[in-house]
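Colleague:
Residue numbers (our numbering): 78 to 228.
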């Protein structure tokens with residue numbers, strides 16, 4: 078069970094996969110649904126403070142290293158720009174919504190990227206991202222295992 082928990086935790090930390098892949102993986106690997114949910118939520122949240130605080134600095138540094146890295150940074154900034162409107166319009170709840178909808182192009186990593194690009198302070202961004210991750214976890218778990226799976 079330790080191995081299943083560890084891989085679920087690590088999988089939840091990976092962008093794009095996040096909770097959408099980690100919760101089903103954890104259950105398939107032998108964890109109970111509530112255990113997979115809790116481990117995946119925690120794993121998904123671990124990199125977020127680092128991303129919110131350091132993304133802009135890392136992007137600035139990467140831009141100086143090569144044209145290819147500069148183009149990658151531009152694409153990521155454009156992605157954040159596309160999602161920024163909802164967060165600006167609805168503030169806290171916009172960021173919650175961006176993180177909570179478990180679809181491609183949303184999630185904790187995208188929320189952290191948008192928060193960083195908007196120069197949002199960690200103490201303002203983190204509660205919204207935490208709530209969004211929990212909601213996304215409930216949605217993924219409910220759609221995959223039924224509404225009562227966490228009980």
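Glycine is no exception: its CB is placed at the ideal position from the N, C-alpha and C atoms. Keep in mind that this is a model prediction, so the values were computed, not measured.
Among 197, 153, 213, 135, which one has its Cα closest to the Cα of residue 184?
Modeller: Mapped onto the chain shown, residue 184 falls at position 107. Considering only alpha carbons, the answer is 213.
Colleague: Figure out for me which residue from 101, 105, 135 has the closest Cα to the Cα of residue 153.
Modeller: Position 76 of the chain shown, counted from the start, is the residue given in the question as residue 153. The residue with the shortest Cα to Cα distance from residue 153 is 135.
Colleague: What's the call for residue 90, buried or exposed, on a 16-neighbour Cβ count within 10 Å?
Modeller: Here residue 90 corresponds to residue number 13 of the chain shown, with the count starting at 1. Looking at its Cβ environment, which holds 16 or more other Cβ atoms inside 10 Å, residue 90 is buried.
Colleague: Let's see if you can read the secondary structure: which residues bound the alpha helix (DSSP H) around residue 133?
Modeller: Numbered from 1 along the chain shown, position 56 holds the residue referred to as residue 133. Taken as a continuous stretch (DSSP letters only), the alpha helix (DSSP H) holding residue 133 covers 125-140.
Colleague: Please confirm whether residue 163 and residue 209 have their CB atoms less than 7 Å apart.
Modeller: In the chain shown, residue 163 corresponds to position 86, counting from 1. In the chain shown, residue 209 corresponds to position 132, counting from 1. No.
Colleague: Please classify residue 97 as buried or exposed, where buried requires at least 16 neighbouring CB atoms within 10 angstroms.
Modeller: One-based indexing of the chain shown puts residue 97 at position 20. With 16 or more Cβ atoms within 10 Å of its Cβ, residue 97 is classed as buried.
Colleague: Could you give the uninterrupted runs of the beta strand (DSSP E) lying entirely in the stretch 156-199, keeping only those of 3 residues or more?
Modeller: none
Colleague: Could you work out which residue in 206, 127, 82 is closest to residue 117 when comparing CA atoms only?
Modeller: As a first step, residue 117 must be located in the chain shown, where it is residue number 40. Of 206, 127, 82, the residue nearest in Cα terms is 82.
Colleague: Looking at the structure shown, is residue 109 part of a helix, part of a strand, or coil, going by DSSP?
Modeller: Working through the chain shown from its first residue, we reach residue 109 at position 32. Looking at residue 109 - three-state DSSP - the assignment turns out to be coil, as it is neither helix nor strand.
Colleague: How long is the line joining the alpha carbons of residue 120 and residue 222, rounded to whole angstroms?
Modeller: Here residue 120 is taken as the residue at index 43 of the chain shown, counted from 1. Here residue 222 is taken as the residue at index 145 of the chain shown, counted from 1. The straight-line gap from Cα to Cα measures roughly 20 Å.
Colleague: Quick one: residues in its chain with C-beta nearer than 6 Å to the C-beta of residue 106, no 5 flanking neighbours on either side, listed in chain order?
Modeller: For the purposes of this step, residue 106 is taken as the residue at position 29 of the chain shown. Answer for residue 106: 81, listed in chain order.
Colleague: On a CA-only basis, which of 220, 218, 172, 103 is nearest residue 202? Give me that one, please.
Modeller: One-based indexing of the chain shown puts residue 202 at position 125. Per the Cα distances, 172.
Colleague: Quick check on residue 197: buried or exposed, where buried means 16 or more other Cβ atoms within 10 Å of its Cβ?
Modeller: Here residue 197 refers to the residue found at position 120 of the chain shown. Looking at its Cβ environment, which holds 16 or more other Cβ atoms inside 10 Å, residue 197 is buried.
Colleague: Is DSSP giving residue 223 helix, strand or coil here?
Modeller: In the chain shown, the residue the question calls residue 223 occupies position 146. If DSSP states are grouped into helix, strand and coil, residue 223 belongs with coil.
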